[in-house]
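This report refers to the structure that appears directly beneath it.
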Amino acid sequence: MALLNPPPPPPFPSPPSPASSRPPPLPAVVLPLSQPPRTRHSVPRASATVETIEKTTDSALVEKSVNTIRFLAIDAVEKANSGHPGLPMGCAPMGHILYDEVMRYNPKNPFWFNRDRFVLSAGHGCMLQYALLHLAGYDSVQEEDLKGFRQWGSKTPGHPENFETLGVEVTTGPLGQGICNAVGLALAERHLAARYNKPDSEIVDHYTYCILGDGCQMEGISNEACSLAGHWGLGKLIAFYDDNHISIDGDTEIAFTENVDTRFEGLGWHVIWVKNGNTGYDEIRAAIKEAKAVKDKPTLIKVTTTIGYGSPNKANSYSVHGSALGAKEVDATRKNLGWPFEPFHVPEDVKKHWSRHASEGAALEAEWNAKFAEYEKKYPEEAAEFKSIITGELPSGWEKALPTYTPESPADATRNLSQQNLNALAKVLPGLLGGSADLASSNMTLLKMFGDFQKNTP
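Letter 317 of the sequence shown, counting from 1, is numbered 317 in UniProt numbering, and no numbers are missing.
Here is the structure:
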């Protein structure tokens, strides 16, 4: 399979032609909440002296921005009378910090190669991502798209789809799947960096971020992928665990009581606990700073949040998980969070603050393009191979490498014939990367000329 398989990118490495509506085929004073969050944890938080990342100094503007995210989600779900408002309301602070302060991306060219990747594994909370894409300036999510949430033909479906909405890296929905995709993205970054970076030029250097919830943690597939991530030491994978203890059927105590912290430590992850995910902005920033300092392990940042934060009567309950708040509760939440604006309104100061991402993103991409141009001059063969992998371009005449068979050829097991073809293709397709669940000697998927991807040999 190809190492990376995004939607077809524009000609390398220029930004796309006029933005298409969809990708190509293939501070308010918060009143006390009625139910404070409960805790069930063991991992101590890092020292408060950890240096924080660069941040917006206007705390009132940050709070206003976070509430903008919350109410865009509330309003969209309310208009559709369908959706999951609870997660966006609880995860808005970490979403804001990621998209506004941490991640490197160009909203006008979502295909820029060296962007940071974000995967919403808890895909049911997609209004969080749509609100963030809207604020960040992605042309794919306009106000009308937010108003069309979950409607037929809209670009804002009920779970994020990368073939519908530019800026969505991975289609998610089935819980646990997205974190697996995030592991794959981090694996690709690590492999490409080891293969193509030079001492004088690092052209592959980006992080993969992921938000997953209790439901993702319950799925066996997530444990398998996270076990691999720990084994491989994917230090540029940072996952945020939305630890809110609520499922659509009620408190997670009915089915899920394990110690996630200890499990992830056993899987080889660095684990951090943010106790206040509702308003602890500096705590979230410090956790990200700490995570980035750990180079040899992926990091799980467990963020204790209140699902439906700000809703006086539904916060911290299953009723806010997968249903609209209802007009009465929306009004009560507006009052509780001091939000006097009409539905779907983005305050001018918030809009102005976020508008810088278009120019900042373009500058980041231009800087990388210049770096790659120098790389291409110094290392033309590596650059050409790198470009072919990223664009999915197959080398001319690749099919000639395949063995040929006739009716007179000796009979053989199909897995042996498959091995012959895989090894022939591996010689001419540098982007071919495969795997087998400890069965390579049985299903004959071993590429004989190449070693295994390991922590020390990526």
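C-beta atoms are modelled at their ideal positions from N, C-alpha and C, and glycine is treated no differently.
Contact set for residue i: own chain, Cβ-Cβ below 8 Å, skip 5 residues either direction
i, result
"Ser441", "none"
"Lys455", "His231, Trp232, Gly233, Asp296"
"Gln419", "Met444, Thr445, Leu446"
"Pro32", "With a pLDDT of only 35 at Pro32, under the threshold of 50, the placement of this residue in the model should not be trusted; the figure read from the coordinates follows. For Pro32, where only same-chain residues beyond five positions count, there are no Cβ hits under 8 Å."
"Asp452", "none"
CB of residue i within 8 Å of CB of residue j, strictly
i, j, result
"Val183", "Cys216", "no"
"Ala92", "Leu128", "yes"
"Trp232", "Leu267", "no"
"Ala194", "Pro410", "no"
"Ser201", "Tyr375", "yes"
"His206", "Glu189", "yes"
"Leu364", "Arg104", "yes"
"Asp100", "Ser65", "yes"
"Asn313", "Glu329", "yes"
"His245", "Asp214", "yes"
"Leu61", "His353", "yes"
"Gly123", "Gly178", "yes"
"Leu146", "Thr156", "yes"
"Pro160", "Leu120", "yes"
"Asn278", "Thr252", "no"
Candidates the options, of which the one nearest residue i by Cα
i, options, result
"Asp58", "Ser388, Asp349, Ala229, Glu143", "Asp349"
"Trp368", "Asp116, Gly125, Phe163, Trp232", "Asp116"
"Asn81", "Leu135, Ile288, Phe149, Gln129", "Phe149"
"Glu78", "Gly322, Gln419, His191", "Gly322"
"Leu422", "Gly434, Asp243, Asp412", "Gly434"
"Pro308", "Thr333, Ala286, Lys328, Asn162", "It is worth fixing the name first, because residue 308 is Gly in this sequence and not Pro. Cα-wise, what sits closest to Gly308 is Thr333."
"Lys427", "Glu399, Phe453, Ala437, Arg415", "Glu399"
"Gly361", "Pro107, Thr299, His245, Phe386", "Pro107"
"Tyr196", "Lys314, Lys378, Gly326", "Lys378"
"Asn109", "Gln420, Gly397, Ala358, Phe453", "Ala358"
"Leu394", "Leu417, Glu381, Asp282, Pro430", "Pro430"
"Ile238", "His270, Ile389, Glu342, Leu228", "His270"
"Gly280", "Phe71, His96, Thr68", "His96"
"Gly250", "Ser121, Val320, Thr299, Ala229", "Val320"
"Ser436", "Arg356, Leu228, Pro380", "Leu228"
"Ala293", "Lys236, Ala413, Pro380", "Lys236"
Beta bridge counterpart(s) of residue i as assigned by DSSP
i, result
"Lys198", "Ser201"
"Trp273", "Lys302"
"Asp243", "Thr304"
"Thr457", "Gln454"
"Asp251", "Ile246"
"Leu237", "Thr208"
"Leu422", "In the DSSP output, where bridge partners are listed per residue, Leu422 has none listed."
"Leu439", "DSSP, once it has assigned bridges, lists no residue as partnering Leu439."
Proximity test, residue i beta-carbon vs the ligand PLP heavy atom, cut-off 7 Å
i, result
"Trp152", "Looking at this structure, you won't find the ligand PLP or any other ligand, since it has none at all."
Delimiting residues of the alpha helix (DSSP H) encompassing residue i
i, result
"Gly230", "220-232"
"Gly338", "Element bounds for Gly338: n/a, residue is neither H nor E."
"Thr68", "59-80"
"Ser359", "356-378"
"Gln129", "127-136"
"Lys289", "281-293"
"Lys147", "143-147"
"Leu325", "Counting along the chain, Leu325 falls outside any alpha helix (DSSP H), and DSSP gives it neither H nor E."
"Arg263", "260-266"
"Met103", "Unbroken run through Met103: none, as it is neither H nor E."
"Gly158", "First-last for Gly158: undefined, no H or E at that position."
"Ala413", "Per DSSP, Ala413 belongs to no alpha helix (DSSP H) and is neither H nor E."
"Gln87", "Here the sequence assigns Leu to residue 87, which means Gln is not the residue at that position. Run containing Leu87: 86-97, per the alpha helix (DSSP H) assignment."
Same chain, Cβ closer than 6 Å to residue i, five either side skipped, listed in chain order
i, result
"Ser154", "Gly148"
"Phe240", "Met94, Ile211, Ile301, Val303"
"Phe118", "Tyr209"
"Gly158", "Arg150"
"Lys275", "Thr304"
"Leu135", "Trp354"
"Ala324", "Val77, Glu78, Asn81"
"Gln142", "none"
"Glu408", "none"
"Thr68", "Val346, Val350"
Same chain only: Cβ atoms within 7 Å of residue i, ignoring 5 sequence neighbours per side
i, result
"Ala73", "Pro85, Pro88, Met89, Met127, Leu128, Ala131"
"Ala424", "Ala401, Leu402, Pro403"
"Lys448", "Asn423"
"Val50", "Legend: pLDDT at Val50 = 35, less than 50; position of this residue unreliable, no value from coordinates given."
"Asp438", "none"
"Phe450", "Ala426"
"Phe344", "Leu72, Asp75, Glu143, Leu146, Lys147"
Run of the beta strand (DSSP E) containing residue i, from where it starts to where it stops
i, result
"Phe118", "117-120"
"Ile211", "208-213"
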